[in-house]
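Numbering (my numbering), first residue to last: 22 to 327. Worksheet: the structure to be examined is printed underneath.
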């Protein structure tokens, strides 16, 4: 198939084994590379015991996801590479669909599938690049509304049915043309945690490569297996998330654009904090408390950049 699957792992032994198994069940003769970010668990030994044909690259330190991706991409000998998190499981034909799309569309630098949760429900797989357009969509709750519609109708009548050009695709799984990766010198390793795929997609588009979301390919993704689900993330992780977005706009947006974006994102999360501070007066459930805590935390971090 002229494609290599590159799995980025860190302390996720059982998930990495499941990911490898799903690759072998859904395709044949596909080289697999695992770039392990110096995991303290048994990931490396478990892979060697169960899959002795997998190429394992162990990094000397857990530097960053972007660094691991570049290492894996540089080790590929095929024209295409599918880079994924360890908490991904491939469905029937998903690898073939993504690879064939890249073969048939030579201007596409990266294409990504529809992600689903383990229960089969819809999961965000693409979006706007960080900037004023994204912030306006957030603060007017347009993004929230669109996500709600896609969640409700996903298993009834999906809104996304055909491949389409998008601003960026989620980095949990990316089918990348190696020539495109090489043409922009790979992922920017200054992005140590989050937003590296946004920066990668932005630079691809600047270099006249297309970025595509293809819902005909479907993969299961346990979002947050390494860093925790959104509402259960540590304060340090949430702070890194906010910083990565600020880092992106500082790199790619004007000074005016940066200020507007940060102000609108602060307003957006402050509004959500207010909404949940009112909801908790009536519904004092753990889930509402978790959401309120998350919005209090993230709005305070955005405020630091005003």
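Just so you know, even glycine gets a beta-carbon here, dropped at the ideal spot from N, CA and C. Since this is a predicted model, take the numbers as computed values, not measurements.
In the DSSP assignment, residue 30 is bridged to 57. Taking C-beta atoms as the reference points, residue 41 and residue 72 count as a pair closer than 8 Å. Unbroken alpha helix (DSSP H) runs of no fewer than 4 residues, entirely contained in the segment 51 to 123, are found at 64 to 71 and 86 to 96, following chain order. In the three-state reduction of the DSSP assignment, residue 36 falls in the helix class. Counting along the chain, the unbroken beta strand (DSSP E) around residue 231 starts and ends at 231 to 242. In the three-state DSSP reduction, residue 131 falls in the strand class (E or B). When rounded, the separation of the alpha-carbon atoms in residue 45 and residue 287 is 45 Å. Here the alpha carbons of residue 147 and residue 177 stand approximately 20 Å from one another.
Taking every protein chain shown into account, the CB of residue 121 has 16 or more other CB atoms within 10 angstroms, so this residue is buried.
Using a Cβ distance threshold of 8 Å, residue 130 and residue 201 count as a contacting pair. Nearest Cα to residue 63 within the set 96, 112, 231 and 35: 35. In the three-state scheme derived from DSSP, where H, G and I count as helix and E and B as strand, residue 274 is classed as coil. Residue burial is scored here from C-beta neighbours: residue 192 has at least 16 other C-beta atoms within 10 angstroms and is therefore classed as buried. Under the rule that a run must span 4 or more residues, the alpha helix (DSSP H) segments found entirely inside the segment 166 to 215 read 199 to 204. Taken through DSSP and simplified to helix, strand or coil, residue 279 comes out as helix.
The alpha-carbon separation between residue 90 and residue 187 amounts to approximately 22 Å. Burial check for residue 304: the Cβ neighbour count within 10 Å stays below 16, so the residue is exposed. At the C-beta level, residue 194 and residue 267 stay beyond 8 Å of one another. With 16 or more neighbouring CB atoms inside 10 Å of its own CB, residue 283 falls in the buried class.
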